[in-house]
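This report concerns only the one structure given below.
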Amino acid sequence: MEKTEELKNKAKELGIILIKITDTEDISFTSESIPDYFKKFIPKSAIVAIQNYNFDEVSPSPLYGINAPFVRSNYYKELKKKLEKLSKYIKNNYNGNSYISCNGSIREKILARKAGIGSYGKNQIISNEKYGSYIIIGLIITDIEFEKDRPSEMFDPFCKNCNLCVKHCPTGVINLDGTFTKEKCLQYMGQNAELKEEQIKFWDNRFYGCEICQKVCPKNKNIPRRTDFPENGKIGSSVYLPEIIFLSDDEIKQKFRGSQLALSWVEPEALIKNALIALSKTEEGKKFVVEFIENGRENMRDIAEKILLF
Ligand code: SF4
Ligand code: SF4
5 MEKTEELKNK AKELGIILIK ITDTEDISFT SESIPDYFKK FIPKSAIVAI QNYNFDEVSP
65 SPLYGINAPF VRSNYYKELK KKLEKLSKYI KNNYNGNSYI SCNGSIREKI LARKAGIGSY
125 GKNQIISNEK YGSYIIIGLI ITDIEFEKDR PSEMFDPFCK NCNLCVKHCP TGVINLDGTF
185 TKEKCLQYMG QNAELKEEQI KFWDNRFYGC EICQKVCPKN KNIPRRTDFP ENGKIGSSVY
245 LPEIIFLSDD EIKQKFRGSQ LALSWVEPEA LIKNALIALS KTEEGKKFVV EFIENGRENM
305 RDIAEKILLF
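Here it is as structure tokens:
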């Protein structure tokens with residue numbers, strides 16, 4: 005189908021590293037409310053796009069907490085801007101309607117697998133043959149019919165004889181049979197304000213996120229390395245922790261405005277909790293936890309005490 009090829013060429017021209025297309029039968033939403041715009045047309049194609057990101061190593065420094073690579077810039081915003089241009093192209097050339105979802109209300113991984121982007125690893129992350137799992141996924145749902153790509157296998161055959169992520173996951177979330185207890189994942193614990201002992205035990209010097217299961221994955225060896233950080237929502241590879249723990253919710257929102265840490269499901273108090281745990285790991289950092297117990301926000305002083313005494 006000529007127009008599919010034209011669309012893929014246009015995506016390339018816009019700097020999108022890969023798009024694949026699938027049908028819209030398996031669309032499901034992350035919340036019960038279906039986006040209004042989506043009700044205005046009959047979806048015929050799901051265009052799945054990926055963007056790779058920089059995953060450079062960071063040298064630890066006692067008062068700085070490390071950000072997982074996927075949040076160091078707002079890669080979703082970067083991809084969304086490109087998808088907006090692609091959506092405009094669909095409008096101008098085929099008079100098509102589109103709905104864009106980038107870390108939004110549509111479950112992206114289901115469509116990515118079906119479009120042939122890649123398969124699920126035991127760590128529940130989609131991995132692409134060329135770019136590995138250091139990718140984010142965005143979508144355009146449109147009422148234009150494009151030629152569909154072949155689906156990837158549901159589970160990555162490579163995982164069959166590999167259990168590296170199962171072995172190295174600090175909290176033991178990943179099971180041998182491929183099941184996964186989300187609530188025990190450090191990534192999940194780091195976005196919720198509730199304090200869990202397992203987080204204190206395994207959090208180390210992180211500020212946000214965990215990537216161990218990606219770092220150890222053999223499918224991420226020899227993938228193309230991206231070396232730049234887009235300016236969109238850039239927070240860098242680490243954050244000065246003593247500053248964070250004394251900020252108000254509004255100041256935290258302001259500091260991380262436009263970044264992935266400003267998303268609605270990341271609780272400001274979770275970020276303070278993360279910073280306190282990371283500070284408690286070094287003698288230098290502990291002094292700030294003590295100061296927080298004396299002068300920090302009152303409703304979190306008992307959490308800080310628990311962290312310090314753990
Ligand atoms: S580390 Fe091994 S088992 Fe885990 S996702 Fe990667 S290939 Fe699969
Ligand atoms: S992100 Fe970390 S805690 Fe979560 S599954 Fe991967 S290695 Fe385990």
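If you're matching positions, the sequence shown starts at 5 in the working numbering and goes up one per residue. We put the beta carbon where it would ideally sit given N, CA and C, even for glycine.
The continuous alpha helix (DSSP H) containing arginine 117 extends over residues 112-119. Isoleucine 281 and lysine 48 have their C-alpha atoms some 48 Å from each other.
Phenylalanine 74 sits buried, since 16 or more C-beta atoms from the chains shown fall within 10 Å of its C-beta.
Secondary structure at arginine 210: strand, using DSSP grouped into helix, strand and coil. Only buried fits glutamate 215, as 16 or more other CB atoms lie within 10 angstroms of its CB.
Taking 7 Å as the cut-off, one finds at least one heavy atom of ligand 1 near enough to the beta carbon of lysine 126. With contacts defined by Cβ atoms closer than 8 Å, phenylalanine 159 and asparagine 71 do not form a contacting pair.
The segment 132-139 makes contact with the segment 224-231; the number of CB pairs closer than 8 Å reaches 3 or more.
With a threshold of 16 other beta carbon atoms within 10 Å, tyrosine 244 falls short and is exposed. Within the DSSP secondary-structure output, valine 52 pairs in a beta bridge with Lys24 and Leu143. For the 8 Å CB-CB criterion, asparagine 78 and asparagine 236 form a contact. The beta carbons of isoleucine 130 and isoleucine 144 sit about 18 Å from each other, so the pair does not count as a contact at 8 Å. Three or more Cβ pairs closer than 8 Å define a contact, and the segment 257-268 falls short of that threshold against the segment 282-300. Less than 8 Å separates the beta-carbon of proline 66 from that of threonine 286. Going by C-alpha positions, lysine 86 is about 24 Å away from aspartate 30. Taken in chain order, the unbroken stretches of alpha helix (DSSP H) that lie wholly in the segment 178-209 and span 4 residues or more are 190-193 and 201-206. The beta carbon of proline 174 is closer than 6 Å to those of Phe206 in its chain, skipping five residues each way along the sequence.
The segment 55-103 is shown to contain whole beta strand (DSSP E) runs of 3 or more residues at 68-71, in chain order. In this structure, the alpha-carbon of glutamate 198 lies about 16 Å from that of leucine 312. Between leucine 83 and glutamine 128 a beta carbon distance of about 21 Å is seen, past the 8 Å cut, so the two are scored as non-contacting. Closest in alpha carbon position to proline 272, among Glu288, Glu255, Leu283 and Ser284, is Glu255. Closest in alpha carbon position to alanine 308, among Ile114, Lys188, Ile249 and Asn132, is Ile249. Note on geometry: alpha-carbon atoms of glutamine 258 and isoleucine 178 lie some 35 Å from one another.
The residue among Glu288, Ser241, Val170 and Lys200 with its C-alpha nearest the C-alpha of leucine 180 is Val170. For valine 243, the uninterrupted beta strand (DSSP E) segment begins and ends at 242-244.
Across the set Gly194, Cys163, Cys189 and Met193, the C-alpha of Cys163 shows the shortest separation from the C-alpha of glycine 182.
Taking all protein chains shown into account, lysine 291 has fewer than 16 neighbouring C-beta atoms within 10 Å of its C-beta and is therefore exposed. Taking 7 Å as the cut-off, the C-beta of cysteine 221 does not count as close to any heavy atom of ligand 2. For glycine 136, the three-state secondary structure derived from DSSP is strand. The alpha carbon of glycine 176 has as its nearest neighbour, out of Gln195, Ser156 and Gln203, the alpha carbon of Gln203.
Cysteine 163 is not bridged by DSSP to any residue.
Counting along the chain, the unbroken alpha helix (DSSP H) around phenylalanine 296 starts and ends at 287-299. With fewer than 16 other Cβ atoms inside 10 Å of its own Cβ, threonine 34 counts as exposed.
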